[in-house]
Structure formats: structure tokens, C-alpha cells
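Here is the structure we will look at, set down as C-alpha cells.
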Amino acid sequence: MGEVARRIDGLRADSKTLLSKVFTQNSKEMGHYKANSINSKSFSLTTENSKIGELNYTTWYSFKAEIQLADHSTYQLEPKGFWDQKIELKREETTLLEFNMGWKGILIKTNFNGSEKNYLLKLKGLLSSKFILIDSEENELLAVDTDFKWNKLNFDYAIETSTEFDSMKNKELMLLTILHCINYYLTFISGAA
21 MGEVARRIDG
31 LRADSKTLLS
41 KVFTQNSKEM
51 GHYKANSINS
61 KSFSLTTENS
71 KIGELNYTTW
81 YSFKAEIQLA
91 DHSTYQLEPK
101 GFWDQKIELK
111 REETTLLEFN
121 MGWKGILIKT
131 NFNGSEKNYL
141 LKLKGLLSSK
151 FILIDSEENE
161 LLAVDTDFKW
171 NKLNFDYAIE
181 TSTEFDSMKN
191 KELMLLTILH
201 CINYYLTFIS
211 GAA
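Numbering (the numbering used here), first residue to last: 21 to 213.
This is how it looks when you write it as C-alpha cells:
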């Protein structure tokens, strides 16, 4: 019996080591970002303590916002349509992206460099506070954990991205737009409650 117990303990140790290696390898492959609320109207997006950009709202609970990337390029998020049901991301007069609320979540249509792609941002589960972004092939590209800060009455976000998402040319712009999508969703839901 003692020999069998030693072998089982050895197998457990080997499996823990293997799982640890797999977890470490996968966490290195994923991108990690943080979005922190600076005040009630601004969010700062960082990775490894390096600032990527900011999302700035014109007024509290507004759907109109501006994105400024680290290279100082600016983009406008503007509501369109009846009851602001659609939001467009523009650079000057060019629409690069649009999103609107759908039954399954927030439908995002991008048009970067003439290439149109569709995505869906949705809650991971019915009572979840985690959002996921999936592409048209249903691949999960990123996950966003929301963290409500009672002392600030705002949300902070922890974002994990896949290698596929991290290889996107406009990933920084997409990340900040996704923050706006989540804020849009949370505002919409709190207004309905």
C-alpha cells in the first residue's frame, strides 16, 4: 500500500507541475490590460504600467466621448439615430466602427482599412459581471472583468486578450471602444432598472 501511495503522490506532483507550466505559458501568451476610472468622466487604459490611451466623456452619463491614444491621435464616439441607439467611432469624417445594442449583446461592425468585420460583445453568463468579445467564427478574443468601486462610484476593468486579438492592427482603438461599449451597456441597463 505504501508503494501505491508514493506513486499516486508522484503523479499528483507531476500533474501539478505540468498544469503550472501550461498556466504560466498561457498567461504569457495573453495580453493583460487595466482600465481605471480617473474621475467620473475619464478612463485610462494601461498595460504593464504603460499608458495606451484615454476614453474621455463630455459629460457624466453621456454617450458622446473622445478617445486619445498614446501617440496623441484622437477619435470621436458619436451617438446616432433615434434615442442614440447607434454609436459611431470617427476619425475626422471617416466612420471606422459602429455599434448598437442587440438581443444577444452589443453588435460591433468595424471598417478599418476597407476591411469590414463583425464582433459581438456580451456578458459571459446571465448573472456574470464578465464581458467577452467574440468574432464571427465565435472565437473568444477578449474577456473584461468589471470591478465596481464604491468609494468612487465607478468601474475599473481588467482585460485579458487572446494572441489573435493582440495581433490586430487597431487593438488599442478597439480596447478603448470596447470600454465605451461596456459603459454604454451599463448605463443603458441602469436606466432601464
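Heads up, the beta-carbon is just placed ideally off N, CA and C, and yes, glycines get one too.
Since the structure is predicted, the reported quantities are computational estimates derived from the model, not experimental observations.
Checklist entry - If you follow the alpha helix (DSSP H) that aspartate 186 is part of, which residue opens it and which one closes it? => result 183 to 186
Checklist entry - Excluding the five sequence neighbours on either side, which residues of its own chain have a C-beta within less than 6 Å of the C-beta of cysteine 201, listed in chain order? => result Phe119, Ile126, Leu141
Item to check | Straight-line gap, asparagine 203 to tyrosine 95 (C-alpha atoms, nearest Å) | outcome: 17 Å
Item to check | Enclosing beta strand (DSSP E) for glutamine 88 [first to last residue] | outcome: 85 to 89
Item to check | Unbroken beta strand (DSSP E) run spanning methionine 121, endpoints | outcome: 114 to 121
Next on the checklist: Considering only the alpha carbon of each residue, which of Asp176, Phe83, Lys71, Met194 lies closest to isoleucine 154?
Outcome noted: Met194
Checklist entry - Among all the DSSP beta bridges, which residues are the ones paired with isoleucine 154? => result Leu140, Glu160
Checklist entry - Among the residues of its own chain, which have a CB less than 8 Å from the CB of lysine 150, if the five just before and after it don't count? => result Leu143, Lys144, Ala163, Val164, Asp165, Thr166
Checklist entry - Can you name the start and end residues of the beta strand (DSSP E) that leucine 127 belongs to? => result 126 to 132
Checklist entry - How would you call threonine 130, buried or exposed, if buried means at least 16 neighbouring beta carbons within 10 angstroms? => result buried
Next on the checklist: For alanine 90 and asparagine 76, which I take to be in contact (beta-carbon distance under 8 Å), what is that distance rounded to the nearest angstrom?
Outcome noted: So it is not a contact: roughly 14 Å between Cβ atoms.
Checklist entry - With which residues is glycine 105 paired in a DSSP beta bridge? => result Looking at the sequence itself, residue 105 is glutamine, so the reference to glycine does not match. DSSP lists no partner for glutamine 105.
Next on the checklist: Between glutamate 184 and leucine 147, how many whole angstroms is the CB-CB distance? I'm expecting something under 8 Å.
Outcome noted: Actually they are not in contact, since the Cβ atoms of glutamate 184 and leucine 147 sit about 28 Å apart, beyond 8 Å.
Item to check | Closest residue to glutamate 68 among Gly51, Thr114, Thr79 (Cα-Cα distance) | outcome: Gly51
Checklist entry - So the beta strand (DSSP E) leucine 65 belongs to, where does it begin and stop? => result 62 to 67
Item to check | Backbone CA spacing between tyrosine 53 and glycine 101 [nearest angstrom] | outcome: 32 Å
Item to check | Buried/exposed call for glycine 122, threshold 16 Cβ in 10 Å | outcome: exposed
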